[in-house]
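Q: Protein chains in written order, with this note's numbering: chain L, 1 to 112; chain F, 1001 to 1114.
Glycine included, every Cβ here is placed at the ideal spot set by N, Cα and C.
Since this is a predicted model, take the numbers as computed values, not measurements.
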Amino acid sequence: GDSVTQMEGPVTLSEEAFLTINCTYTATGYPSLFWYVQYPGEGLQLLLKATKADDKGSNKGFEATYRKETTSFHLEKGSVQVSDSAVYFCALNSGGYQKVTFGTGTKLQVIP
Amino acid sequence: DAGITQSPRHKVTETGTPVTLRCHQTENHRYMYWYRQDPGHGLRLIHYSYGVKDTDKGEVSDGYSVSRSKTEDFLLTLESATSSQTSVYFCAIRRDSENTGELFFGEGSRLTVL
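#1: Between the region 55 to 74 of chain L and the region 1072 to 1082 of chain F, can you find at least three pairs of beta-carbon atoms closer than 8 angstroms?
#2: Going along chain F, which residues have a C-beta under 7 angstroms from L:L46?
#3: How about the region 1011 to 1018 of chain F and the region 97 to 112 of chain L: do they share at least three Cβ pairs that are nearer than 8 angstroms?
#4: Could you spell out the range, first to last residue, of the beta strand (DSSP E) harbouring L:Y39?
#5: Closer than 8 angstroms by beta-carbon distance: list the chain F residues that pair up with L:T104, in chain order.
#6: Taking the continuous beta strand (DSSP E) assigned at L:G57, which residues delimit it?
#7: Interface residues of chain F around L:V100 at Cβ under 7 angstroms?
#8: DSSP state of L:V82, grouped into three classes?
#9: Could you pull out every residue in the same chain whose Cβ sits closer than 7 angstroms to the Cβ of F:Q1037, ignoring the five residues on either side in sequence?
#10: Pop quiz: F:R1009 and F:E1107 are said to be a contact at Cβ under 8 angstroms. What is the actual Cβ separation, rounded to whole angstroms?
#11: Give a yes or no on whether the minimum CB-CB distance between F:F1090 and chain L is below 8 angstroms.
#12: Tell me, which residues are paired with F:K1070 by DSSP?
#13: With DSSP run on the structure shown, which of helix, strand or coil describes F:S1084?
#14: Would L:F18 pass as a contact of L:G78 if the rule is Cβ separation under 8 angstroms?
#15: If you draw a straight line from the alpha carbon of L:T65 to that of L:S72, how long is it in whole angstroms?
#16: Can you find the residues in the same chain that come closer than 7 angstroms, C-beta to C-beta, to L:N93, ignoring five residues on each side of it along the sequence?
#17: Hey, is L:F89's beta-carbon within less than 8 angstroms of any beta-carbon in chain F?
#18: How many whole angstroms separate the CB atoms of L:A113 and L:V4, which I take to be in contact at a CB cut-off of 8 angstroms?
#19: For F:G1003 and chain L, any beta-carbon pair shorter than 8 angstroms?
#20: Quick check on F:R1022: does DSSP put it in helix, strand or coil?
#21: Within the 8 angstroms Cβ cut-off, does F:G1051 reach chain L?
#22: Going along chain L in order, which residues have a C-beta closer than 7 angstroms to the C-beta of F:L1045?
#23: Check whether the Cβ atoms of F:L1103 and F:Y1033 sit closer than 8 angstroms, and answer yes or no.
#24: Using a Cβ-Cβ distance under 8 angstroms, would L:S32 count as near chain F?
Structure follows, in structure tokens:
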């Protein structure tokens, strides 16, 4: 079945540091890939997405590229801010309305 | 804002009592989902619905039931709550026009079973 593996957290970075959160997946066919972000006390919200191989999703300075050859969708940001502190979830949908599969989440803490 | 409201937002109950969580949407989309969020597990699907009175089980459905008598409301019921059901529950919708699987989430309902 479908699965998503993302790096264990928490990740602690200083402000303006470079961020990478790794995500790899297993899925049938050609899934759509997502990064969701969850701020404290809130629900998840979509950060970015990519629907086919080599697509790059981007939003709020975050980027991720759909790499089919390595089955990866790593999240990157060049310079993190304190306001980026949150939990980040990688997810996929391999088709149909039944299910979106989520990773376990990676908590990011950015310190001034 | 996808117009999703969950209630109650917080609830403390005792083992063996029934609990119902409500998800209300204002946009009348077909697909609605209930997930639970637990440390180390991410989000896991409990039940989903693809229309009025059309529901199906997710990966962690044991101990839960759902009902959808109106498009806008999706209810999650714990018939007899157990401590293992202490969790944060999220409702989500998928917009009918959305083909990629993108979900929109409510703010969550934190349930504590003592």
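A: With the structure as the only source:
#1: no
#2: E1102
#3: no
#4: It is not in any beta strand (DSSP E) - L:Y39 carries neither H nor E in the DSSP assignment.
#5: G1040, H1041, G1042
#6: 56 to 59
#7: G1101, L1103
#8: helix
#9: L1043, S1087, V1088, F1090
#10: 7 angstroms
#11: yes
#12: F:D1073
#13: helix
#14: yes
#15: 8 angstroms
#16: P31, S32, V100
#17: yes
#18: Because chain L is modelled from 1 through 112, residue 113 of chain L falls outside the range shown and cannot be assessed.
#19: no
#20: strand
#21: no
#22: K99
#23: yes
#24: yes
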